[in-house]
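Visitor: The numbering of the sequence shown is our numbering, which starts it at 12 and goes up by one. We treat Cβ as the ideally placed atom computed from N, Cα and C, and that holds for glycine.
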Amino acid sequence: MIVGFLLMIIGAIAGFQKWFWGRVSSSVSASVSNLVVGHEGIEKRLEKVEGTVGQVKSDLDRMRGRMGNIEGRVDQLATKNDLHEVSILVARIGAGLEAQANMTRMLYEAAQRAEKGGAS
Numbered sequence: 012m013i014v015g016f017l018l019m020i021i022g023a024i025a026g027f028q029k030w031f032w033g034r035v036s037s038s039v040s041a042s043v044s045n046l047v048v049g050h051e052g053i054e055k056r057l058e059k060v061e062g063t064v065g066q067v068k069s070d071l072d073r074m075r076g077r078m079g080n081i082e083g084r085v086d087q088l089a090t091k092n093d094l095h096e097v098s099i100l101v102a103r104i105g106a107g108l109e110a111q112a113n114m115t116r117m118l119y120e121a122a123q124r125a126e127k128g129g130a131s
């Protein structure tokens, strides 16, 4: 009786194992069959990928050219030091123009006083 019980348990385990591996193998077969069927389109997919890679390379070359142009333009932009020097120069020119305007006004007023007959 114990031997029969053990044989029944071993049989149940073997049946469960056969059922489990049957499911696993069918899943694996389905996955592999998709790969086998899918390999026919690999050449088309590779051509598409190679075309995309070629397009990426051409876009990258174009972007390198554009970045070179941008770098060249950035190198020509004024720096903070350049702007500081220009602001000092503009301030000096403004001060000089104001001094000339004052001198011109004083000369004009002196000429008007001289025409009136002297100092007021």
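Given a cut-off of 9 Å, decide if Ala89 and Val97 are closer than it, judged by their beta-carbon atoms.
Guide: The sequence position of residue 97 within the sequence shown is 86, counting from 1. The sequence position of residue 89 within the sequence shown is 78, counting from 1. Yes, the pair counts as a contact, with Cβ atoms nearer than the cut-off.
Visitor: Can you tell me whether Gly128 is helix, strand or coil according to DSSP?
Guide: Within the sequence shown, numbered from 1, the residue matching residue 128 stands at position 117. Gly128 falls in the coil class under three-state DSSP.
Visitor: If I follow the unbroken alpha helix (DSSP H) through Leu88, where does it start and stop?
Guide: Mapped onto the sequence shown, residue 88 falls at position 77. Counting along the chain, Leu88 falls outside any alpha helix (DSSP H), and DSSP gives it neither H nor E.
Visitor: With DSSP as the reference, label Met12 as helix, strand or coil.
Guide: As a position in the sequence shown, residue 12 is number 1, starting the count at 1. Shown here, Met12 sits in coil according to DSSP, grouped into three states, outside any helix or strand.
Visitor: What's the C-alpha gap between Gly33 and Leu71?
Guide: Taking the first residue of the sequence shown as 1, we reach residue 33 at position 22. Taking the first residue of the sequence shown as 1, we reach residue 71 at position 60. Those two C-alpha atoms are separated by around 51 Å.
Visitor: Rounded to a whole number of angstroms, what is the C-alpha to C-alpha distance between Ser37 and Asn80?
Guide: Against the sequence shown, residue 37 aligns to sequence position 26. Against the sequence shown, residue 80 aligns to sequence position 69. The straight-line gap from Cα to Cα measures roughly 60 Å.
Visitor: Taking just the CA atoms, how far does Ala25 sit from Met14?
Guide: On the sequence shown, residue 14 is found 3 positions in, with the first residue counted as 1. On the sequence shown, residue 25 is found 14 positions in, with the first residue counted as 1. Just to set this straight, residue 14 is Val in the shown sequence, not Met. Looking at the two C-alpha atoms, the distance is approximately 16 Å.
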